[in-house]
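In the working numbering, the protein residues as written are 1 to 317.
C-beta atoms are modelled at their ideal positions from N, C-alpha and C, and glycine is treated no differently.
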Amino acid sequence: MGSNRELQPDMVVSASHVHFMTNAATGRKMVYFLSTACHIGTDRMKIISRFAPSPTGYLHLGHAFSAWNAWTRADVFLLRLEDIDTARCRPEFAAAILEDLRWLGLDWDGDVRVQSAHFAEYQAALEILRGRGLLYPCFCTRAEIARAQAAPHGVELVYPGTCRHLSEAARAEKIAAGVAYALRLDMAAAVKQAGAGRFFEESRGWIEANPLPFGDVVLARKDTPTSYHLCVVHDDALQGITHVIRGEDLFEATHVHVLLQALLGLPVPVYAHHRLLHDAQGRRLAKRDFAATLRAMRAAGMEPGAILQQFEEGRAA
Ligand SMILES: [Zn+2]
């Protein structure tokens with residue numbers, strides 16, 4: 001970085017990705033990539049990406065495709081285990097994920113980040129939001145929420161806000177009585193404080209974030225003191241992720257992630273969402289499909305090179 005050679009053809013990116021500014025003091029032309037203000041000099045911006053599976057089962061072809069998408073593009077490829085759900089995650093699945101990725105040849109850089117070793121960090125992030133008056137305890141059961149709200153948003157039910165208006169006394173009484181509670185984000189208040197923000201999605205362009213339809217999302221669950229949304233934005237920032245490359249199923253969640261980044265003062269990475277693989281019946285691959293696991297494929301004598309070749313050619317299996 002930092003030399004003054006002319007721009008090389010391999011770093012030419014579309015005009016919507018960059019803007020140029022001249023530093024008045026030095027006269028040097030600076031290239032700003034999106035909003036990250038990264039001086040890329042004559043080098044292409046280094047892409048730092050990650051694969052972040054949950055060790056609740058064996059990796060299947062869909063996971064491998066996601067890992068491969070990030071791996072092929074990244075200059076630095078990191079591996080993160082999203083194992084905050086300590087009841088469902090198992091060490092043998094964690095070990096199997098590492099083994100299967102190695103078998104496939106998708107090597108990662110540095111240490112594996114294991115989320116369950118960092119609950120204190122997520123707690124600190126929660127405290128920032130609590131300090132801004134944006135969290136409240138929710139004592140509802142899943143069944144109560146389902147009864148109160150018929151219209152689903154994706155797979156998650158939109159919370160009707162039942163506990164948002166409980167008095168401090170009522171909250172204290174329930175907590176003293178030992179009623180389990182989750183912590184929810186007061187979405188309307190959060191958007192008011194931070195603005196919704198925007199993000200760059202590679203296949204869609206700039207998108208104004210609109211997290212309001214998600215309602216008051218859970219940021220700390222009853223059974224685990226944090227949540228997917230909170231951990232993923234914290235870790236992406238901590239690990240210096242420049243490009244979040246993940247499946248299309250996670251596109252909508254980006255609206256919530258960009259809001260959390262604004263509230264926590266974290267940078268917004270570039271987002272890219274790849275298509276999902278489907279089985280022969282057109283269904284999305286899921287953990288139930290043991291036949292599609294890398295483990296089963298290896299046992300059946302399939303070569304890793306053949307799998308990667310299929311990814312390359314855009315085929316599923
Ligand atoms: Zn509630």
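Distance between Q261 and G301, taken at the CA atoms: about 44 Å. In the DSSP assignment, the residues bridged to I48 are V76. Comparing alpha-carbon positions, the option among S116, A67, R142 and C89 lying closest to G105 turns out to be A67. Selection H255, Y228, G161 and M297 evaluated against A52 yields Y228 as nearest (Cα-Cα). Sequence-distant Cβ neighbours of A125 in its own chain, meaning closer than 7 Å and more than five residues away, are L230, H234 and L264.
Per DSSP, P225 lies in no beta strand (DSSP E) segment and is marked neither H nor E. By the neighbour-count criterion, in which 16 or more other beta carbons inside 10 Å mark a residue as buried, T224 falls on the buried side. R130 sits in a helix when the DSSP states are folded into three classes. Taking each of L259, V268, E248 and E303 in turn and checking the Cα distance to G62, the smallest one comes out for E248. Just so you know, the alpha carbons of T162 and H273 end up roughly 34 Å apart. In the structure shown, E312 falls within a helical segment according to DSSP collapsed to helix, strand and coil. The three-state secondary structure of F199, taken from DSSP, is strand.
Closest option to G215, judged by alpha-carbon separation, among L134, V232 and V112: L134.
Between the C-alpha atoms of A170 and P267 there is a straight-line separation of about 37 Å. Taken through DSSP and simplified to helix, strand or coil, G215 comes out as coil.
Per DSSP, V112 is not a residue of any beta strand (DSSP E), being assigned neither H nor E. In the DSSP assignment, P160 forms no beta bridge with any residue. Every residue whose Cβ sits closer than 5 Å to any heavy atom of ligand 1 is listed here in chain order: C138, C140, T162 and C163. For G105, the secondary structure class from DSSP, reduced to helix, strand or coil, is coil. In the structure shown, the three-state DSSP call for V270 is strand.
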